[in-house]
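Peer 1:
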Amino acid sequence: MSEKTREHLKPSLALSIGIIILITAVVSAATLYYKVDVHAPIVMLAVIIALVGYFHLHYSYKELESAAIDSIMASIPSCLILTLVGMLVGLWIKAGIIPGLIYYGLGIISPNIFPLATLIVCAIISLSTGSSWSTEATVGVAMMGIGNGLGINPAFTAGVVVSGAYFGDKMSPLSDTTNLSPAVSGASLFDHIRAMCWTTGPSLVIFSVILLLWGFSYSGNSIDTTRINAIRTIIAAEFPVTLLCIIPPLLVIVASIIKIPAMPGICIGIFASMIMCAAGGVSMGEMWSLSQWGYKAQLSAQIAGLESMPEIAKILQAQGLQMQPELAKDVAAMISRLVGRGGMQNMMWSVSLALIAMAMGGFLEVTGILHTLLAAMTKGVKRVGGLVSATVIASFAANLLTGSQYLSIIIPGRMFKSKYEESGLAPRMLSRSLEDSGTLTSVLIPWNVCGGYAAAVLGVPTLAYAPYAVLNWLTPLVAIFITYLGIGIFWRDKNGEDHREKRVSL
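Just so we're aligned, residue -2 is where the sequence shown starts under this note's numbering, counting upward by one.
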């Protein structure tokens, strides 16, 4: 029988489950045992799935190729946004925007509101950088030290740090997962962020009230601001810190509110930062270099790279900075890690992963493997709450099984997309559910890459801080609860327009 006349076979549930088990095993081995990036393993898996589709399920090469290309094309807008975000971050750091937000954010620390301030500061920094990992490894570590000095349970402080870091990561238009989720689901970036406010917003308010009440009842040690002051001092020495740092982020936020699309909205932020850079004497050539390669730490990297305390003392004296050389070296290393980022090239890791994983998702979709799994998971589901619950559970299961935050968004996203479309739900409902579970629960699992990283940098076991990372486990529950109540449900009409309606039946 020729390739053109072969009849497609429907994959069995056993085969579909077997493919998912294979994906889980390979990705877990890559991340947990070999400790390598998942790109090459996913390419291998994509080839295996394509071979199963070709030889066993009788799909032609052209059909498989078209499926991969169509799937990749759906992610191109988000890949372009990520590229623009790389430009924006490099320029925002050089212009003093991100350092300024950190500088002023650290200024609100006081003993009675320490837990709430930790949540807010970590959220602000993660929102401004789009990176939970950078936030945890820098300001998060500083907050752990302050918490220890106050006599607060380290697991509690770590849980608050994680909650703040992942709130910012989840809600920031600069975050890779915030761009990946709508790319998989077919939603626009800012529609996706606005939809998440219905689930993440209440969770943040609830946790903030808990922390505020805890702070008022605190009667422990007084706060030692030495380290915080050192961080602020070196930031002010390296960057042009002024209150003007709030203007570009406000412009991007306003662009989102008035529904300017993501790419022009981010471009507004880029041009605003270029104006600030030019006002500070930065040449156009340097701006282009920052856009391409990101910011390379200068004063902080110089101090961090020295081993001789007398040499560090000379630099501090030359800069007019008064602090112990040992403290300066430690703090400078932290700042250097935080600000040494951005640039289009530094986004290529995420872009390449998105392209490769979307190709694999295309193979899983066209061969019917995802449809078979979806039919089994959604059998008997007749309410929006049931569909959202299934999505949340599937994303959490993907985090448990693959140990990869990205795959916990991509695989369930490709699996559930058609069901949401058939039900008339807006794509932002799927993208929101994927992030409510996939992004937030990844850090609660010890063998997940995110959970292992947080435990390593904060010095607290994952399962010890997990109960205190309230935002991370409360948000998925809120997502399920409000949809059963008919709150924050977005539908898509025949004209392709989204509207909110209190309807709970599919």
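Glycine residues also receive a C-beta, built at the ideal position from the N, C-alpha and C atoms.
For Trp444, does the three-state DSSP call read helix, strand or coil?
Peer 2: Here residue 444 corresponds to residue number 447 of the sequence shown, with the count starting at 1. Three-state result, Trp444: coil.
Peer 1: Report the three-state DSSP secondary structure of Arg380 (helix, strand or coil).
Peer 2: Along the sequence shown, read from residue 1 onward, the residue named residue 380 stands at position 383. Strand at Arg380.
Peer 1: Tell me, please, whether the segment 193 to 202 touches the segment 464 to 484 by the rule of three or more beta-carbon pairs shorter than 8 Å.
Peer 2: They touch, by the three-pair rule.
Peer 1: Taking the C-alpha atoms as reference points, what is the distance between Ile106 and Ser129?
Peer 2: Within the sequence shown, numbered from 1, the residue matching residue 106 stands at position 109. Within the sequence shown, numbered from 1, the residue matching residue 129 stands at position 132. Approximately 20 Å between the Cα atoms of the pair.
Peer 1: According to DSSP, simplified to helix, strand and coil, what is Phe393?
Peer 2: On the sequence shown, residue 393 is found 396 positions in, with the first residue counted as 1. If DSSP states are grouped into helix, strand and coil, Phe393 belongs with the helices.
Peer 1: For the 8 Å Cβ check, are there 3 or more pairs between the segment 165 to 185 and the segment 420 to 440?
Peer 2: Verdict: yes, contact present.
Peer 1: Apart from the five residues just before and just after Leu12, which ones in its own chain have a Cβ nearer than 7 Å to its Cβ?
Peer 2: What you label residue 12 is simply residue 15 of the sequence shown in a count that begins at 1. Taken in chain order, the list of residues that qualify is empty.
Peer 1: According to DSSP, is His55 part of a helix, a strand, or is it coil?
Peer 2: To locate residue 55, count along the sequence shown from 1; it is residue 58. Note: His55 maps to coil in three-state DSSP.
Peer 1: Can you name, in chain order, every residue of its own chain whose Cβ lies under 7 Å from the Cβ of Ser305, other than the five neighbours on each side?
Peer 2: By one-based count along the sequence shown, residue 305 stands at place 308. Cβ within range, chain order: n/a, list empty.
Peer 1: Check the DSSP bridge columns for Ser502 and list the partner residues they point to.
Peer 2: Within the sequence shown, numbered from 1, the residue matching residue 502 stands at position 505. Answer is Arg380.
Peer 1: So Met320 and Ala227 are supposed to be a Cβ contact under 8 Å. How far apart are they, rounded?
Peer 2: Along the sequence shown, one-based indexing puts residue 320 at 323. Along the sequence shown, one-based indexing puts residue 227 at 230. Indeed, because the Cβ distance is near 5 Å, the residues count as touching under 8 Å.
Peer 1: Which residue or residues does DSSP assign as beta-bridge partners of Phe487?
Peer 2: Walking along the sequence shown from the start, residue 487 turns up at place 490. For Phe487, which the question treats as bridged, DSSP gives the partners Arg497.
Peer 1: Return the residue from the list His496, Val446, Val389 that minimises the CA-CA distance to Thr196.
Peer 2: Residue numbering aside, residue 196 sits at position 199 when the sequence shown is read from its first letter. Closest by alpha carbon: Val389.
Peer 1: Name the residue from Gly93, Leu19, Leu88, Val24 whose alpha carbon lies nearest to the alpha carbon of Met281.
Peer 2: Looking up residue 281 in the sequence shown gives position 284. Measuring from the Cα of Met281, the nearest candidate turns out to be Leu88.
Peer 1: Does the beta-carbon distance from Ile110 to Met355 come in below 8 Å?
Peer 2: If you number the sequence shown from 1, residue 110 lands on position 113. If you number the sequence shown from 1, residue 355 lands on position 358. Contact flag unset, no.
Peer 1: Can you tell me which of Val279, Ile250, Ile265, Gly266 puts its alpha carbon nearest to the alpha carbon of Pro237?
Peer 2: Numbered from its first residue, the sequence shown carries residue 237 at position 240. Pro237 has its Cα closest to that of Val279, out of Val279, Ile250, Ile265, Gly266.
Peer 1: Let me know the alpha helix (DSSP H) ranges lying completely inside the segment 14 to 70, each 4 residues or longer, listed in chain order.
Peer 2: Qualifying alpha helix (DSSP H) stretches, in chain order: 36 to 48.
Peer 1: Is Leu6 helix, strand or coil by DSSP?
Peer 2: Locating residue 6 in the sequence shown gives position 9, counting from the first residue. Coil, per DSSP.
Peer 1: Of all the options Pro258, Ala233, Gly262, Glu235, which has the alpha carbon lying nearest to the alpha carbon of Leu247?
Peer 2: Locating residue 247 in the sequence shown gives position 250, where the first residue counts as 1. Nearest C-alpha to Leu247: Gly262.
Peer 1: So Ile225 is in the alpha helix (DSSP H); what residue range does that whole segment cover?
Peer 2: In the sequence shown, residue 225 corresponds to position 228, counting from 1. It spans 223 to 235 - the alpha helix (DSSP H) in which Ile225 sits, taken as one unbroken run.
Peer 1: Taking C-beta to C-beta, are Ala351 and Cys76 nearer than 8 Å?
Peer 2: On the sequence shown, position 354 is the one that residue 351 refers to. On the sequence shown, position 79 is the one that residue 76 refers to. Yes; because the gap between Cβ atoms is below 8 Å, this pair is in contact.
Peer 1: Ordered along the chain, which non-local residues of its own chain (more than five positions away) have a Cβ less than 6 Å from that of Ser125?
Peer 2: If you number the sequence shown from 1, residue 125 lands on position 128. Ile95, Leu98, listed in sequence order.
Peer 1: Quick one: Cα of Lys32 to Cα of Val24, how far?
Peer 2: Indexing the sequence shown from 1 puts residue 32 at position 35. Indexing the sequence shown from 1 puts residue 24 at position 27. Cα to Cα, the separation comes out at about 10 Å.
Peer 1: Which whole runs of the beta strand (DSSP E) in the segment 71 to 137 are 3 residues long or more, in chain order?
Peer 2: List check, beta strand (DSSP E) in window: nothing returned.
Peer 1: Which residues in the same chain as Thr472 place their Cβ atom closer than 6 Å to its Cβ, once the five residues preceding and following it in sequence are excluded?
Peer 2: Within the sequence shown, the letter at position 475 stands for residue 472. These residues qualify, in order along the chain: Thr196, Thr197, Ser200, Asp433, Leu437.
Peer 1: To the nearest angstrom, report how far apart Ala329 and Arg338 are at their CA atoms.
Peer 2: Stepping through the sequence shown from its first residue, residue 329 is reached at position 332. Stepping through the sequence shown from its first residue, residue 338 is reached at position 341. Ala329 and Arg338: Cα-Cα distance of roughly 15 Å.
Peer 1: Assign Asn492 to buried or exposed, taking buried as 16 or more other Cβ atoms, counted over all protein chains shown, within 10 Å of its Cβ.
Peer 2: Here residue 492 is taken as the residue at index 495 of the sequence shown, counted from 1. Counting Cβ neighbours within 10 Å, Asn492 comes out exposed, since fewer than 16 surround it.
Peer 1: How should Ala315 be labelled, buried or exposed, when 16 other C-beta atoms within 10 angstroms of its C-beta is the threshold for buried?
Peer 2: Indexing the sequence shown from 1 puts residue 315 at position 318. It is exposed - the Cβ of Ala315 has fewer than 16 other Cβ atoms within 10 Å.
Peer 1: Report, in whole angstroms, the separation of the C-beta atoms of Thr480 and Val378, which I expect to be a contact under 8 Å.
Peer 2: Here the question's residue 480 lines up with position 483 in the sequence shown. Here the question's residue 378 lines up with position 381 in the sequence shown. About 12 Å; that fails the 8 Å criterion.
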